[in-house]
Amino acid sequence: MSFRLKTVLGIALIEAALLLVLIVVSLNYLRVSNEQQFLTRAETTAQLFATTAKDAVLVTDVALLDTLVEEVLTNPGVVYARVLGAGRVLAEGGDPRALAQARAANRSVRDADDGVYDVHAELAADGETYGRVELGLTVAPIQAVLRDARNHALSIAGVEMVLVAFFSLVLGTYLTRQLGALRSASQRVAEGDFTSRIPVQGRDELAQTASAFNAMAARLQEAGEQRARAEEALRALNEQLEERVRARTEELAELNRQLHHRALHDGLTGLPNRSLFHDRLHTQLAAAERNESRFAVALLDLNRFKQINDAEGHAVGDRVLQAIARRLSAVLRDGDTVARLGGDEFALILPAVVDAEGARTAGSRLLAALSAPLHVAERDLLPGGSVGMALYPDHGHEPELLLRHADTAMYQAKFAGTGFALYRPLPAPVDDDEAQA
Numbered sequence: 000m001s002f003r004l005k006t007v008l009g010i011a012l013i014e015a016a017l018l019l020v021l022i023v024v025s026l027n028y029l030r031v032s033n034e035q036q037f038l039t040r041a042e043t044t045a046q047l048f049a050t051t052a053k054d055a056v057l058v059t060d061v062a063l064l065d066t067l068v069e070e071v072l073t074n075p076g077v078v079y080a081r082v083l084g085a086g087r088v089l090a091e092g093g094d095p096r097a098l099a100q101a102r103a104a105n106r107s108v109r110d111a112d113d114g115v116y117d118v119h120a121e122l123a124a125d126g127e128t129y130g131r132v133e134l135g136l137t138v139a140p141i142q143a144v145l146r147d148a149r150n151h152a153l154s155i156a157g158v159e160m161v162l163v164a165f166f167s168l169v170l171g172t173y174l175t176r177q178l179g180a181l182r183s184a185s186q187r188v189a190e191g192d193f194t195s196r197i198p199v200q201g202r203d204e205l206a207q208t209a210s211a212f213n214a215m216a217a218r219l220q221e222a223g224e225q226r227a228r229a230e231e232a233l234r235a236l237n238e239q240l241e242e243r244v245r246a247r248t249e250e251l252a253e254l255n256r257q258l259h260h261r262a263l264h265d266g267l268t269g270l271p272n273r274s275l276f277h278d279r280l281h282t283q284l285a286a287a288e289r290n291e292s293r294f295a296v297a298l299l300d301l302n303r304f305k306q307i308n309d310a311e312g313h314a315v316g317d318r319v320l321q322a323i324a325r326r327l328s329a330v331l332r333d334g335d336t337v338a339r340l341g342g343d344e345f346a347l348i349l350p351a352v353v354d355a356e357g358a359r360t361a362g363s364r365l366l367a368a369l370s371a372p373l374h375v376a377e378r379d380l381l382p383g384g385s386v387g388m389a390l391y392p393d394h395g396h397e398p399e400l401l402l403r404h405a406d407t408a409m410y411q412a413k414f415a416g417t418g419f420a421l422y423r424p425l426p427a428p429v430d431d432d433e434a435q436a
C-alpha cells in the first residue's frame, strides 16, 4: 500500500471515528435527558392520580373513581389506568390488551418491553396502605424522538462521509490515474470479457497491481474456455441421455400396450379372450337393463376340428382356427363381439339380434362361414360347426345363465345335426300319477 493511499484512508477513518463518537455521545445524552423527563412526568402523574383518588377509595365511590380514571386517560400518552382497593379492582380503563396482562412497576424506560411504562402509587393513611393506583404510559414519544435524532445524525454523518469520500476519490484519482484503467478493466472482466488487459508502466505498486491483474485475467480466460468446452460436452451428453430416455419411455409404453392387449386377447387368433368377452357381456347386459333392449349370445364350436388337428398336426389346426376367426369377424356387424374362449370354442355377443327370426338369420350367416371349405396347407378342409344361441331377456337375465343356455342350444344343434339351434327350455318331467290321470 502506497503512502498516498494510506493518507487518504487515514483521513476517512479519522473522520468516521470522530463522527461515530459524536453521534453516540449526543444520542446517549438525548436519551438520558428524555427518559429522566419521562420518568418525572410518570411519577408526578401517578402521585396526582393517587391524591385525587384517595378519598373515593376510602368510601368506595366507584362512580367517582370511574370519572377520575377517564380524566387521567385524557392525559397524552396514558395507555391505561387502574385503581385497586381492598384487594380488588375498583375502577379501570384504557387499552384492554394492556389491562388483560399482569402489570408490574418498571424501574426504567428500558424495562418497558411491550412499549408501555408501568408506574404505581400507593394509597396510604396513618402509615397504613389501603389501595394502589396503576398507570401505563407509552414510551413511543421517547422512541420517536430518539429515532428522529438518530436518523438526522446518521443523515448528517452520511452526507459528511460522502463529501469526504468524494474529495478522497478526487485526490486519489489525481494522484493515481492508472487506477481508472484498472477499474475499467475489472468491470469488463466482471462482465465476462477475459481478454481485457492493462498497460504496465513503471515498477511502482500500480504497475505490480496491473501485472497481477493481467495474470489473473489470463487465467480466467483459460478457465472460461475450458468450462465452455466442458459445458458443450455435457450438453451433448444430456441431449443423448434425453433421447435415450425418450426412446426407452416410448418402448416401455409400447410394451405396456402389448401386454394389455395380450392380457385381453387370444394370442393365436387376436380375438378377445374369455376375460374380455365376459367384461363386454356384463357391459352389454347393463346397457340392455338400462335401456330395456334385447340382444343375443351365441356359442359355437367346430365339429371336426379334433380329427383335423390329430390328422394334420397342431400347426394346421392353429391355421384352421385363425381362418375361422377371420371368417367370423368378416360376417359380424359393427358393435358385435366375437371371442375365442379356448380350443375350438367361440362366443359372440349380437346386440342387433332381438328375436327368434333374427337369431335364425344370424345363425345362417355363421353356419355359412363355418361350412365353406378352408384351403389350408394345400388342402381343402371342412371343419363344419354347431351354433347355439340364447336371447336376453327371454332366456336369462344373468351372464352365466345366458351362456349356459347358449351352450345347451349348441349341443342340441350338434346332436340334432341341424347346425343351429335357438335355446328352448326342456319340458318338465311328468310323474306317473299325472300321466295316469
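Numbering follows numbering that gives the first Met the number 0, in which position 252 of the sequence shown is assigned residue number 251; successive positions increment by one, without gaps.
Beta carbons are placed, not taken as given, at the ideal position from N, Cα and C, and that holds for glycine.
Being a predicted model, the structure only gives us computed values, none of them experimental.
Buried or exposed: residue 128, going by 16 or more other Cβ atoms within 10 Å of its Cβ?
Looking at its Cβ environment, which holds fewer than 16 other Cβ atoms inside 10 Å, residue 128 is exposed.
Using the DSSP secondary-structure output, state which residues sit across from residue 91 in a beta bridge.
Answer by DSSP bridge pairing, in chain order: 81.
Does the distance from the CB of residue 391 to the CB of residue 284 come in under 8 Å?
Yes, they are a contact pair.
Going by DSSP, which residues form a beta bridge with residue 116?
Note: residue 116 sits in a beta bridge opposite 136.
Along the chain, which unbroken stretches of the alpha helix (DSSP H) at least 4 residues long are found entirely within the segment 182–218?
As far as the segment 182–218 is concerned, it has no whole alpha helix (DSSP H) run of at least 4 residues.
Does the segment 11–31 come close enough to the segment 139–155 that 3 or more CB-CB pairs lie under 8 Å?
The answer is yes - the segment 11–31 touches the segment 139–155, with three or more Cβ pairs under 8 Å.
Return the Cβ separation of residue 91 and residue 117 in integer angstroms, given the expectation that the two are a contact with Cβ distance under 8 Å.
Wrong, their Cβ atoms sit about 13 Å apart, outside the cutoff.
So, at 8 Å on beta carbons, what are the nonlocal neighbours of residue 412 in its own chain, with the 5 sequence-adjacent residues on each side left out?
Hits under 8 Å: 385, 386, 387, 418, 419 and 420.
Let me make sure I understand the geometry here. Which of 409, 344, 332 and 24 has the alpha-carbon closest to that of residue 323?
Minimum Cα distance to residue 323 is reached at 344.
Per DSSP, what kind of secondary structure is residue 353 in: helix, strand or coil?
The answer is coil: DSSP assigns residue 353 none of H, G, I, E or B.
Using CA atoms only, rank isn't needed, just tell me which of 361, 281 and 262 is closest to residue 397.
Measuring from the Cα of residue 397, the nearest candidate turns out to be 281.
Please name the residue or residues paired with residue 348 in a DSSP beta bridge.
296 and 336, per the DSSP bridge assignment.
When the Cα of residue 86 is compared with those of 291, 59 and 226, which residue comes out closest?
Of the candidates 291, 59 and 226, the one whose C-alpha sits nearest the C-alpha of residue 86 is 59.
What three-state label does DSSP hand residue 121 in the structure shown?
Reduced to three states, the DSSP call for residue 121 is strand.
Are any of the Cβ atoms in chain D nearer than 8 Å to that of residue 416?
Included in the structure is just one protein chain, with no chain D present.
Are there 16 or more other CB atoms within 10 angstroms of the CB of residue 304, so buried, or fewer, so exposed?
Buried is the call here.
Measure the Cβ-Cβ separation of residue 71 and residue 77 and say whether it is below 8 Å.
A contact, by the Cβ cut-off of 8 Å.
Kindly indicate which three-state DSSP category residue 362 falls into: helix, strand or coil?
Of the three classes helix, strand and coil, the one that applies to residue 362 here is helix, per DSSP.
Taking the C-alpha atoms as reference points, what is the distance between residue 307 and residue 286?
Distance between the alpha carbons of residue 307 and residue 286: 40 Å.
How would you write the range of the alpha helix (DSSP H) that residue 277 sits in, first residue to last?
Looking at the DSSP string, the run of the alpha helix (DSSP H) that includes residue 277 is 273–290.
For the candidate residues 297, 141 and 347, whose alpha-carbon lies nearest to that of residue 75?
Cα-wise, what sits closest to residue 75 is 141.
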